[in-house]
Structure formats: C-alpha cells, structure tokens
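S.K.:
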Amino acid sequence: MTEDMGRLLRDAGDDAGRPLGFALEELVVRGRRRVRVRRSSFAAVAGVAAAGLAASVLTAWPSGTDDSDGSRFATSDDEQLIERCARLDELASAASSTYPTPGEPIDHWTIQVRQADDEAISMILAPDGQREFAYCRLELTGGHAFDAYWRRQYASYIGAPAGATRVGDGEVLWGSGGATSEKIGRMTFETADGEISEAARNGHYFVWQHQTADVEPGEPVWVTFYYAHDGSVADRMRTEPMPGPYDPAPELPDQPRADLPTLDEGVAPEGDAPADAPAPGGPAADAPAPDGPAADAPAPDYPKDCVAWVEPDSRTPTMECS
Amino acid sequence: MRKRDEAQFIEFAAGAARGLRRTAYLMCGDWQRAEDAVQDALIRVYVAWPRLRQRQSLRAYATKTVVSVVMDQAKRPWRREHASADPLDAVDERRDHPCAVGDRLFVVQALSALPPRQRACVVLRYLEDMSVEETAEAMGTSSGTVKSQTARGLESMRAALGGIGSTLDLG
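Residue numbers (the working numbering), protein chains in the order written: chain A, 27 to 348; chain B, 253 to 423.
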C-alpha cells in the first residue's frame, strides 16, 4: 500500500521535465528585499509605539503612493473609478513577484459590472476582446483599507471565489467576482446567517458584495448558479477556507438541499440587482465564450493576482501579489 | 547575507525547487499556484538561511515551509479559487466521456477532496517519505494526530480511487 500510494503520488505529480517558471537569482533579489522590508517594518512599528500614537491605519502602500484625499468616490464616476483601479494595477504590478513584464494598462478598460453599498464598490473591468479582466474593490471613503485587486486571464478564471474582510468591530465585508459561462443567468450568495443576496451580472461577468454583522470571515458562503434559459439551479458550491484552495467538483452540489431557492421563491428577482449595474446584454454579452477565438489569443504573463486586505487582528492593510 | 551563503542557497534551491513544486502541486492541485508557493517558501528559507545553514535537514525545513505556505494560501481571502474549466462544460464532458479524465488528474482530484491536514499527511508520508515523527514535526502536531489523519486520508483516497484501483493495486 505504501509503495503503491507513493507511486501514485509521484506519477500524479510528474511535471514532465517542465522547467521552473522563475529564476533562482530573482529569488535572491526578492529575499534581500524581504530582509530589508522586515528590518524597516520593525523600525516603523517601533517609531509609532515610541511616539505614543493611537492605532491609526498604517498603509502598506509604497511610500508616496497613498493618494487618498479623504473625499468619497461617486459610484457612477467611471473615469475616477477606473483611474483608481489603474493605480491599484500599477501597485500590483510593482509588488508582483512572478510578473516579469508590466501588463497592459487598464486605464482604457471599461467597467463591465459593479455593485456598491455605502462603504465600498466592487467592479469587474475588462478590455475589448475579453482576453483578461480585473476585479477591483475600492473603499468609497477614499481610504485603502477595503481595497482589493486582482487581474486574470479570462479563460483560466471561471468560478466564484468568495472572500471576507473585517471592516468594523462586528462588520464583515464579503465579496466575490469573476466570470462564468453565459449559460448562467443569475447567481445568489448565501452567507452563514442564512441571508441570500444577488450578484450583479453582465454577460459573462459577475460581482457580489455584501456586509454581515453576525458572520465571521471564516464561515462558508454558498453560491447558487441558475441557468439562463429556464432559471433552474445549475450548480451550487460552497466556498470557504477549507477544505482546500479549489473545489475538485464544482459542478456538483456539495450538500444537496431540499430547500434550494428557485427563481420564484426565496431570493430577490433579478430586477433587484443594484440600479447602477449594467443591464444584461451589454458589451460583454457579445463577447466570445471562454473557449472561443479570444481564448486562443496570446496569453499575457500571468499570474497577476494582488490583493489588499486587513487581517482581523491588525489594522494594517496589506497588499500581496502572487 | 554573504556572497558565499547566497551561492549555497542558490545551489540548494536549484536542487530542491522541482521536488518542492511537486509537493505543492499535490497539496493545491494547481501548477501555477504550486510554483508561487515554492517561490514564497524559498524566499522564507532565504530569510532564515543564516540560522539554517548549520542544520542538516534543509530539505525538511523547506518542505515544511511549502506545506505552510500552501495551507496559508487556502485560508487567505480572495484566493479561494476554482481553477477548473467551466463547471457546466466539465460536468457535461464527464457524463459524455467518463473515461476522458486521466488517472493523474483523478488522483489529484481525490487528493484535493481531502481536508488540508489529511492531504498534507498523505503527501508528506507517501510522497516525501517522511516518518510519522518527521511529519508531525513538519506540521506542528502530534504523532497520534498524524497517524489518525493519515489513516483517514488513505481510506478516503482508496474509496475515491476505487475506479482505478484494479489497475493501481491500492490494496
């Protein structure tokens, strides 16, 4: 059994001689930088403590890049929103460790779909041609604490990851965004308190943002996909920190439930999506499917997956890229 | 770090990186994320190198770090991704071509279905060939926990791989 399992695992993990996608010398450079950052971080924290300052937010953005002026964003001001997301993209590019060449700037991309509340706005941005897209969430007050950003090659990113960020003593901001097949007409998200809310959708893209007061960030979120053609449930998946980074069979219900909501009961009708969400059938709706011609276009250098978040035990926003 | 130490680190990383990537891949089921994890882990090794270089078990430390990075990734907000193709197309294909999924992918999927700690135990014990004690040390847990988690993981793997068990002699 031991030998068999070992052989199975070795075969399953056979990389067929695939070379490493990174240079070891780059690791050394990054390692040196990490050592420097650790030293400077310790010094900065010590300085704050010595000055007796209150626990104000220490931004993790590179020095001189915090362009917050304290004013609120208008959720309908696309130019301002895109500019802010483009800034995050630049920061992500600079912070990325496995992104050898800068990507195409996103300042000419358009907002495909958005969802907002009083504190934050979540968006999917994409260029013409649908080779890639970006998820961008901005804190509407102009700060950075709730900001999140990542950018993906279209064909490689299908699914509904859900994440959570604590934004107050009891409040948790949930969010998700991405792309699905156009066979999907709508999606709902159910948090652990049983509350069901609707994702905003446009064509392939969706985005979801929701706040809870009684649900901890580690709780699972259930995502239900409904077919566009008849509104029936197409899939239901559970997203949570465990049991793993991806669901091996997302097309199958994790836990079949007899009381799954349908289009006629239990959840808000599609018309209740945020008023500022583009109507279905917008620009992205005419774009090719993931396996269409656009997916064959040369892939940009990826991954470029960056996110800023605030850990529950910290007020320091952090940006990390992979 | 001195130049000589950096050269030693590069030599170590060159020899270990692909094996670590394989371990990470079996932990997360995604080659790209595995590569990311290896980079993060090796950078941690670099940072710790001055206090590690006296040790004999560099590889064990690096493996432990990879496991830690992968498990941290899974917990992190916004990284709970579903790397599969279109779920609907995938299920259709499985229905139409039940044999189209290769055995390797089947094994990786069965492994990915395990809870993270069971998965780590199986990978460390049977891929890395670590002892129960070494696995416990790498995971920061007890030997008893490793034994029970490994047993459960193997049981689940055996059940999941039943379809190919006849050819793979899982016992």
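C-beta: ideal position from N, C-alpha, C; glycine also.
Can you tell me whether A:Ser-102 is buried or exposed, with buried defined as 16 or more other CB within 10 angstroms of its CB?
M.R.: Result: exposed.
S.K.: With H, G and I counted as helix, E and B as strand and the rest as coil, what does DSSP make of A:Lys-209?
M.R.: A:Lys-209: coil per DSSP, three-state reduction.
S.K.: If the criterion is Cβ atoms closer than 9 Å, does the pair A:Ile-147 and A:Leu-199 meet it?
M.R.: No; because the gap between Cβ atoms is not below 9 Å, this pair is not in contact.
S.K.: Since B:Ala-266 meets chain A, which of its residues come closer than 8 Å, beta carbon to beta carbon?
M.R.: Within chain A, the residues near B:Ala-266 are Leu-50.
S.K.: Taking the Cβ atom as the reference point for each residue, do A:Met-112 and A:Ile-137 lie within a distance shorter than 9 Å?
M.R.: The displayed chain sequence assigns Ala, not Met, to residue 112 of chain A. Going by C-beta atoms, A:Ala-112 is not nearer than 9 Å to A:Ile-137.
S.K.: Per the DSSP calculation, A:Leu-164 is bridged to which residue(s)?
M.R.: Paired residue(s): A:Ile-147.
S.K.: Within 10 Å of its beta-carbon, does A:Val-247 have 16 or more other beta-carbons around it, so buried, or fewer, so exposed?
M.R.: A:Val-247 comes out buried.
S.K.: Which residue spans inside the segment 347-395 of chain B form an unbroken alpha helix (DSSP H) run of at least 4?
M.R.: Whole alpha helix (DSSP H) segments, 4+ residues: 355-364, 368-374, 384-391.
S.K.: Quick one: does A:Ala-38 have its CB under 9 Å from some CB of chain B?
M.R.: At least one chain B Cβ lies under 9 Å of A:Ala-38.
S.K.: Here's a check: name, in chain order, each residue in its chain whose Cβ is nearer than 6 Å to the Cβ of B:Arg-332, leaving out the five neighbours to either side.
M.R.: Because the pLDDT at B:Arg-332 is just 39, under 50, the model does not fix this residue reliably, and the value given afterwards should be weighed accordingly. Within the same chain, B:Arg-332 has no close Cβ partners at all.
S.K.: Around the Cβ of B:Leu-231, are there at least 16 other Cβ atoms within 10 angstroms (buried) or fewer (exposed)?
M.R.: This structure does not reach residue 231 of chain B, given that chain B is present from 253 up to 423, and the question cannot be answered.
S.K.: Using the three-state DSSP reduction, which class does A:Phe-48 fall into: helix, strand or coil?
M.R.: Coil, per DSSP.
S.K.: Only counting runs of 4 or more residues, tell me where the alpha helix (DSSP H) segments fall wholly within the segment 254-298 of chain B, in order along the chain.
M.R.: You should have 255-280.
S.K.: Residues in the same chain with beta-carbon distance under 7 Å from B:Trp-283, minus the five sequence neighbours each way, listed in chain order, please.
M.R.: Excluding sequence neighbours, B:Trp-283 sits near Tyr-277.
S.K.: Look up B:Trp-301 in the DSSP assignment and say whether it is helix, strand or coil.
M.R.: B:Trp-301: helix per DSSP, three-state reduction.
S.K.: Within the continuous beta strand (DSSP E) that includes A:Asp-154, where are the two ends?
M.R.: Careful: A:Asp-154 lies outside any beta strand (DSSP E) and carries neither H nor E.
S.K.: Of all the CB atoms in chain A, is at least one closer than 9 Å to the CB of B:Glu-287?
M.R.: Closer than 9 Å: yes.
S.K.: To the nearest angstrom, how far is it from the Cα of B:Gln-376 to the Cα of B:Thr-275?
M.R.: The sequence given here places Leu at residue 376 of chain B; Gln does not occur at that position. C-alpha separation (whole angstroms): 8 Å.
S.K.: Among A:Gly-229, A:Gly-220, A:Ser-223, which has the Cα closest to the Cα of A:Gly-204?
M.R.: The candidate whose alpha carbon is nearest that of A:Gly-204 is A:Gly-229.
S.K.: As a quick exercise: from B:Leu-363, B:Ala-266, B:Val-297, pick the residue whose alpha carbon is nearest that of A:Met-31.
M.R.: The residue with the shortest Cα to Cα distance from A:Met-31 is B:Leu-363.
S.K.: Using a Cβ-Cβ cut-off of 9 Å, state whether A:Gly-47 counts as contacting chain B.
M.R.: Answer yes: the Cβ-Cβ gap between A:Gly-47 and chain B drops below 9 Å somewhere.
S.K.: Excluding the five sequence neighbours on either side, which residues of its own chain have a C-beta within less than 7 Å of the C-beta of A:Glu-165, listed in chain order?
M.R.: Cβ neighbours of A:Glu-165 beyond the five flanking positions: Glu-145, Ala-146, Ala-171, Phe-172, Asp-173.
S.K.: Use the C-beta contact count for B:Lys-255: other C-beta atoms within 10 angstroms, 16 or more gives buried, fewer gives exposed.
M.R.: Classification of B:Lys-255: exposed, given that the 10 Å Cβ count is below 16.
S.K.: Buried or exposed: where does A:His-236 fall if 16 or more other Cβ atoms within 10 Å of its Cβ makes it buried?
M.R.: So A:His-236 counts as buried.
S.K.: Residues of chain B with CB closer than 7 Å to the CB of A:Met-149, please, in chain order.
M.R.: Going along chain B, no residue has its Cβ under 7 Å from A:Met-149, so there is no contact; the nearest lies around 14 Å.
S.K.: Where does B:Ser-394 land, buried or exposed, given buried means 16+ other C-beta within 10 angstroms?
M.R.: With fewer than 16 other Cβ atoms within 10 Å, it is exposed.
S.K.: I'd like to know if B:Met-409 contacts chain A, where contact means its C-beta is closer than 9 Å to some C-beta of that chain.
M.R.: Yes, B:Met-409 counts as interfacial toward chain A.
S.K.: A:Arg-58 and B:Gln-291: beta carbons closer than 9 Å?
M.R.: In this structure, B:Gln-291 does not lie closer than 9 Å to A:Arg-58 by Cβ.
S.K.: Beta-carbon separation of A:Thr-250 and A:Thr-217 under 9 Å?
M.R.: No, these two residues do not count as a Cβ contact at 9 Å.
S.K.: Would a check of beta-carbon distances place B:Tyr-313 closer than 9 Å to chain A?
M.R.: It does not: the Cβ of B:Tyr-313 has no partner Cβ on chain A nearer than 9 Å.
S.K.: Hey, A:Pro-243 and A:Thr-191: beta-carbon distance below 9 Å or not?
M.R.: Their beta carbons are under 9 Å apart, which means A:Pro-243 touches A:Thr-191 by this criterion.
S.K.: Rounded to the nearest angstrom, what separates B:Arg-311 and A:Gly-43 at their Cα positions?
M.R.: Each residue's alpha carbon lies about 20 Å from the other.
S.K.: Can you tell me the Cα-Cα spacing of A:Pro-271 and B:Arg-273, whole angstroms?
M.R.: Any answer about A:Pro-271 is weak, because its pLDDT of 30 lies below 50 and its placement is not dependable; what the coordinates show is given next. Rounded to whole angstroms, A:Pro-271 to B:Arg-273 spans 16 Å at the Cα level.
S.K.: For A:Leu-35, which of helix, strand or coil comes out of DSSP?
M.R.: Correct three-state label for A:Leu-35: helix.
S.K.: What residue range does the beta strand (DSSP E) around A:Thr-238 cover?
M.R.: Note, A:Thr-238: beta strand (DSSP E), 231-238.
S.K.: May I ask which residues mark the beginning and end of the beta strand (DSSP E) holding A:Trp-248?
M.R.: Where A:Trp-248 is concerned, the enclosing beta strand (DSSP E) stretches over 247-253.
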